[in-house]
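S.K.: Protein sequences appear in the order of chains A and B.
In this text, residue positions in the first sequence follow our numbering: the first is 1, and each later residue adds one.
In this text, residue positions in the second sequence follow our numbering: the first is 1001, and each later residue adds one.
Please read through the structure below; I'll follow up with questions.
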Amino acid sequence: DAGVIQSPRHEVTEMGQEVTLRCKPISGHDYLFWYRQTMMRGLELLIYFNNNVPIDDSGMPEDRFSAKMPNASFSTLKIQPSEPRDSAVYFCASSFTGRVGAFFGQGTRLTVV
Amino acid sequence: GDSVTQMEGPVTLSEEAFLTINCTYTATGYPSLFWYVQYPGEGLQLLLKATKADDKGSNKGFEATYRKETTSFHLEKGSVQVSDSAVYFCALIPKSTGNQFYFGTGTSLTVIP
């Protein structure tokens, strides 16, 4: 398996633009997580899904952020409109049921100018 | 609530020195415990895990023992190498939830030749 695949690896966009981050989890995994990492706040859980259903989105910063998982092999995190304070590395991770540990993607480094 | 507390960094060691990174947790019941490692520019990788009291997780020369009496899961390595330079995260999954992770703030390790 190729692991968790995220795209793009780097994204530079202007303030106010829409940004869409993509994630393909490991086949067969039933949990998918979106995290944001910054120097100031560390690693923050934004939202996670179980069997494509959002379970906890309490970490989503505000209404500008939305996440979807239309099927078991694809998820998106959208920011509209983007702001400079959204600049961070966004990670997607997936796991099996059973508390066995999650596998992370390489991350998307987002810069909003 | 459930949480993880890690020793603050950064930690700087000479090659072949002994490493300890402290991690304590707060959780009800018996959580699963994990150490993740993040190399520069990459995502988090699962380093080792333990799912019940007195279990020892080990990988790549690193070890950690699940101590319920002290609610700890300290990471150790007998002889560090320059290639071990990275950020290390302690994490737990509570028994009461599905697969939601709680991460510590991370400890940066630099090993100098």
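Note that CB positions come from ideal geometry on N, CA and C, so glycine has one too.
Computed from a predicted structure; not experimentally measured.
Does A:Asp57 get closer than 9 Å to chain B when you measure Cβ to Cβ?
M.R.: For the purposes of this step, residue 57 of chain A is taken as residue 57 along the first sequence, with counting starting at 1. Closer than 9 Å: no.
S.K.: Identify the residues that DSSP records as bridge partners of A:Leu43: which are they?
M.R.: Here residue 43 of chain A refers to the residue found at position 43 when the first sequence is read from its first residue. A:Leu43 pairs with A:Gln37.
S.K.: Closer than 8 Å by C-beta to A:Pro54: which residues in its own chain qualify, once you throw out the five before and the five after it? Chain order, please.
M.R.: The residue labelled residue 54 of chain A in the question sits at position 54 within the first sequence. Only Ile47, Tyr48, Ala67, Met69 meet the Cβ criterion.
S.K.: Going along chain A, which residues have a C-beta under 8 Å from B:Gly1057?
M.R.: Position 57 of the second sequence, counted from the start, is the residue given in the question as residue 1057 of chain B. Per Cβ cutoff of 8 Å: no residues; B:Gly1057 is ~10 Å from chain A at best.
S.K.: Which residues in the same chain have their Cβ closer than 7 Å to the Cβ of A:Gly114, if we skip the five residues on either side of it in sequence?
M.R.: Residue 114 of chain A is absent from the structure shown; chain A starts at 1 and stops at 113.
S.K.: For A:Arg22, name the three-state secondary structure that DSSP assigns.
M.R.: Mapped onto the first sequence, residue 22 of chain A falls at position 22. The answer is strand: DSSP assigns A:Arg22 an E or B state.
S.K.: Beta-carbon of B:Asn1022 versus every beta-carbon of chain A: anything under 9 Å?
M.R.: Here residue 1022 of chain B refers to the residue found at position 22 of the second sequence. Answer no: the Cβ-Cβ gap between B:Asn1022 and chain A never drops below 9 Å.
S.K.: Please identify, using Cβ separations under 9 Å, the residues of the stretch 1021-1046 of chain B that lie next to chain A, in order along the chain.
M.R.: Taking 9 Å as the Cβ-Cβ cut-off against chain A, the residues of the stretch 1021-1046 of chain B that qualify are Pro1031, Ser1032, Phe1034, Tyr1036, Gln1038, Gly1041, Glu1042, Gly1043, Leu1044, Gln1045, Leu1046.
S.K.: Would you mind giving the Cβ-Cβ distance between A:Gly28 and B:Gly1106, rounded to the nearest angstrom? I have them listed as a contact below 8 Å.
M.R.: As a first step, residue 28 of chain A must be located in the first sequence, where it is residue number 28. As a first step, residue 1106 of chain B must be located in the second sequence, where it is residue number 106. Contact flag wrong, Cβ pair sits at about 29 Å.
S.K.: Going by other Cβ atoms of all chains shown within 10 Å of its Cβ, with 16 needed for buried, is B:Asp1054 buried or exposed?
M.R.: Translated into positions along the second sequence, residue 1054 of chain B becomes position 54. It counts as exposed.
S.K.: Evaluate A:Gly105 with the Cβ neighbour count: other Cβ atoms within 10 Å of its Cβ, from every protein chain shown; 16 or more gives buried, anything less gives exposed.
M.R.: Counting from 1 along the first sequence, the entry for residue 105 of chain A is found at position 105. A:Gly105 counts as buried, since no fewer than 16 other beta carbons sit within 10 angstroms of its beta carbon.
S.K.: Measuring CA to CA, which of B:Gly1043, B:Val1080, B:Lys1049 is closest to B:Arg1067?
M.R.: Counted from its first residue, the second sequence places residue 1067 of chain B at position 67. Residue B:Lys1049 is the option with its Cα nearest to B:Arg1067.
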